[in-house]
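Numbered according to the numbering used here, the sequence shown spans residues 60 to 451.
By construction, the Cβ of each residue, glycine as well, lies at the ideal position given by its N, Cα and C atoms.
Accompanying notes for the structure given below.
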Amino acid sequence: MKDSYDIIIVGAGPAGSAASIILANKGFKVAIIEKENLPRHKHCGGCISSRSIPSLQKLGINIESVSLHKYKGFTMRYGDLVTGYDWGDMKVYGVYREVFDYAITNKAIDAGVVILKNQVKKLRMEDDIILVFLDNDNILETKVLFGADGIHSIIRKEIGVTYQKNKLGFCLETEVPATDEIIDSYNDRLFLDFSYFKEGYIWAFPKKLGKTINIGFGTDFHTVKNSKIPIKKILQRYAQDKSLFLPRIHGAFIPFGGTVDCFGRNTVILLGDAAGLVSPLSGEGISYALESGIYAAESAIDFFEHNTPLLESYSRKLNSIKNEINIYGLQLQKKMYRGRTHRKLMFKMCSKNQDIMKKLGEIFTQKITYEQGVKQLTPLKLLPAMVKALVT
Ligand SMILES: Cc1cc2nc3c(=O)[nH]c(=O)nc-3n(C[C@H](O)[C@H](O)[C@H](O)COP(=O)(O)OP(=O)(O)OC[C@H]3O[C@@H](n4cnc5c(N)ncnc54)[C@H](O)[C@@H]3O)c2cc1C
Numbered sequence: 060m061k062d063s064y065d066i067i068i069v070g071a072g073p074a075g076s077a078a079s080i081i082l083a084n085k086g087f088k089v090a091i092i093e094k095e096n097l098p099r100h101k102h103c104g105g106c107i108s109s110r111s112i113p114s115l116q117k118l119g120i121n122i123e124s125v126s127l128h129k130y131k132g133f134t135m136r137y138g139d140l141v142t143g144y145d146w147g148d149m150k151v152y153g154v155y156r157e158v159f160d161y162a163i164t165n166k167a168i169d170a171g172v173v174i175l176k177n178q179v180k181k182l183r184m185e186d187d188i189i190l191v192f193l194d195n196d197n198i199l200e201t202k203v204l205f206g207a208d209g210i211h212s213i214i215r216k217e218i219g220v221t222y223q224k225n226k227l228g229f230c231l232e233t234e235v236p237a238t239d240e241i242i243d244s245y246n247d248r249l250f251l252d253f254s255y256f257k258e259g260y261i262w263a264f265p266k267k268l269g270k271t272i273n274i275g276f277g278t279d280f281h282t283v284k285n286s287k288i289p290i291k292k293i294l295q296r297y298a299q300d301k302s303l304f305l306p307r308i309h310g311a312f313i314p315f316g317g318t319v320d321c322f323g324r325n326t327v328i329l330l331g332d333a334a335g336l337v338s339p340l341s342g343e344g345i346s347y348a349l350e351s352g353i354y355a356a357e358s359a360i361d362f363f364e365h366n367t368p369l370l371e372s373y374s375r376k377l378n379s380i381k382n383e384i385n386i387y388g389l390q391l392q393k394k395m396y397r398g399r400t401h402r403k404l405m406f407k408m409c410s411k412n413q414d415i416m417k418k419l420g421e422i423f424t425q426k427i428t429y430e431q432g433v434k435q436l437t438p439l440k441l442l443p444a445m446v447k448a449l450v451t
């Protein structure tokens, strides 16, 4: 007889684990299938934005207990223009993903979720049952399946949903050991450098308690493929300037061009990176992964308790995130990465006008929504600052 679960979740990242906690707390029989040994590493800057905090609170996760650094603001550089601001009481943290993600998974285990260390190979739908084929030749069955299996999602492929290549972004990332003195030179701020790439930025996220700085860069895949920019050398030069020695640098893809067109098929739905839920402005995806996990769980509860169609209900809940990413996020991406002249002008405006700088900071860290950001930074509202930046 096949093992059977009410809900099977593929992937123990923030999306999958978040969903499982809510479902297990409601008494459902839930399994997470994860191909890696836990705790597993995930290539990531490890910056937890203020947008993630309400979801973490809902899940009962105390971010302070896994945080390695609480940031007070950020510094941005473009060539010789350096600007930035401190954001006061906004909560933005630095973590190691293996620790952060495992804290959420442990909460799931405490709630009764079964974790299976397997790779999902394929799915088959039989009437209202989904058969899940594992790498050890076992077959599980379930009524509802969540694909929370990241950017290269096999579940997405199995249900025939595509994520177009031209929407992909690419990142390099490494965690660099650093002395207290070097870490303190960042003044508890995130550092973003927009000097080198048309469509992205270099980041340095200090993590005081871990005595490391996460250094990386992200851009769209097209730029990487076609550019002659020696990306690794630039990262190495940045590190050398700070007297840091870069360990091995890792490359990873990221959804950077909007969401999937369709969030699932029938009772199989896609969460987090598998659904393309990542900011096209900053590359931030943890908050969306958590939110999609919570929405997926709520939709599954409605499906089991009230027969509400799962995909419709989940898509409805995701609608505001979808618009946030596909409409406003992509608009901001165009504004931010429109080319060197435009970017220089924007930096000049920011360095001369703290209100604009503050707004940009609030947009980047998701203190305000992208929709609010687009509406508050209209060309008309920016005009006086633009004129000032052009004439001085
Ligand atoms: C270099 C880089 C830096 C980033 N920095 C940040 C940042 O600072 N802040 C931020 O908010 N976001 C950042 N992101 C984005 C963020 O990492 C993702 O959006 C987030 O991890 C998505 O969570 P998830 O749960 O959807 O997927 P994931 O975290 O990718 O988890 C998916 C899980 O599914 C498992 N899996 C995959 N296939 C299978 C299978 N067939 N069977 C079983 N298990 C499977 C994987 O092993 C993995 O554990 C960054 C991304 C990159 C690439």
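Residue i in three-state terms, based on DSSP
i, result
"residue 343", "coil"
"residue 375", "helix"
"residue 358", "helix"
"residue 193", "strand"
"residue 64", "strand"
"residue 176", "strand"
"residue 247", "coil"
"residue 220", "coil"
"residue 446", "helix"
"residue 206", "strand"
"residue 241", "helix"
"residue 441", "helix"
"residue 164", "helix"
"residue 305", "coil"
"residue 349", "helix"
"residue 199", "strand"
"residue 287", "coil"
"residue 336", "coil"
"residue 426", "coil"
"residue 211", "coil"
"residue 366", "coil"
Delimiting residues of the alpha helix (DSSP H) encompassing residue i
i, result
"residue 400", "399-411"
"residue 296", "290-300"
"residue 123", "Note, residue 123: premise wrong, no alpha helix (DSSP H); not H, not E."
"residue 318", "From DSSP, residue 318 is part of no alpha helix (DSSP H); its letter is neither H nor E."
"residue 130", "Unbroken run through residue 130 is the beta strand (DSSP E), 128-130; no alpha helix (DSSP H)."
"residue 430", "429-435"
"residue 391", "389-395"
Residues bridged to residue i (per DSSP)
i, result
"residue 271", "236 and 266"
"residue 281", "Note: residue 281 sits in no beta bridge, so no partner."
"residue 252", "136 and 261"
"residue 227", "314"
"residue 142", "135"
"residue 152", "107 and 129"
"residue 421", "DSSP lists no partner for residue 421."
"residue 182", "191"
"residue 6", "For the chain, the structure presents residues 60 to 451; residue 6 sits outside this window and is missing."
"residue 324", "327"
Run of the beta strand (DSSP E) containing residue i, from where it starts to where it stops
i, result
"residue 312", "309-314"
"residue 327", "327-329"
* To do: Identify every run of the beta strand (DSSP E) within the segment 67-115, keeping only runs that are complete inside it and at least 3 residues long; order them along the chain.
  => Taking 3 residues as the minimum length, the beta strand (DSSP E) runs contained wholly in the segment 67-115 are 89-93, in order along the chain.
* Could you tell me whether the segment 361-368 touches the segment 206-224, where touching means 3 or more Cβ pairs closer than 8 Å? => no
* To do: Give a yes or no on contact between the segment 305-318 and the segment 227-237, applying the rule of three or more CB pairs nearer than 8 Å.
  => Yes, since at least three Cβ pairs between the segment 305-318 and the segment 227-237 fall closer than 8 Å, the two stretches touch.
* For the segment 274-292 against the segment 170-183, are there 3 or more C-beta pairs whose distance is under 8 Å? -> Touching, no.
* Counting Cβ pairs, one atom from each stretch, are 3 or more of them under 8 Å apart for the segment 101-119 and the segment 146-163? -> yes
* Take every Cβ of the segment 323-341, pair it with every Cβ of the segment 74-90, and state whether three or more of those distances are shorter than 8 Å. => Short answer: they touch.
* How do the segment 116-125 and the segment 251-266 stand: do at least 3 beta-carbon pairs fall below 8 Å, yes or no? -> The answer is no - the segment 251-266 does not touch the segment 116-125, with fewer than three Cβ pairs under 8 Å.
* the segment 81-97 / the segment 123-140 touching (three or more Cβ pairs under 8 Å) -> no
* Asked: Contact between the segment 173-183 and the segment 87-104: three or more CB pairs below 8 Å?
  -> Touching, per the Cβ criterion.
* **Given 8 Å, three or more beta-carbon pairs between the segment 420-438 and the segment 340-358** => Output reads yes: the segment 340-358 touches the segment 420-438.
* Asked: Should the segment 320-328 be regarded as contacting the segment 366-374, the criterion being three or more beta carbon pairs within less than 8 Å?
  -> yes
* Asked: Do the segment 177-189 and the segment 123-137 make contact, defined as three or more Cβ pairs closer than 8 Å?
  -> Verdict: no, contact absent.
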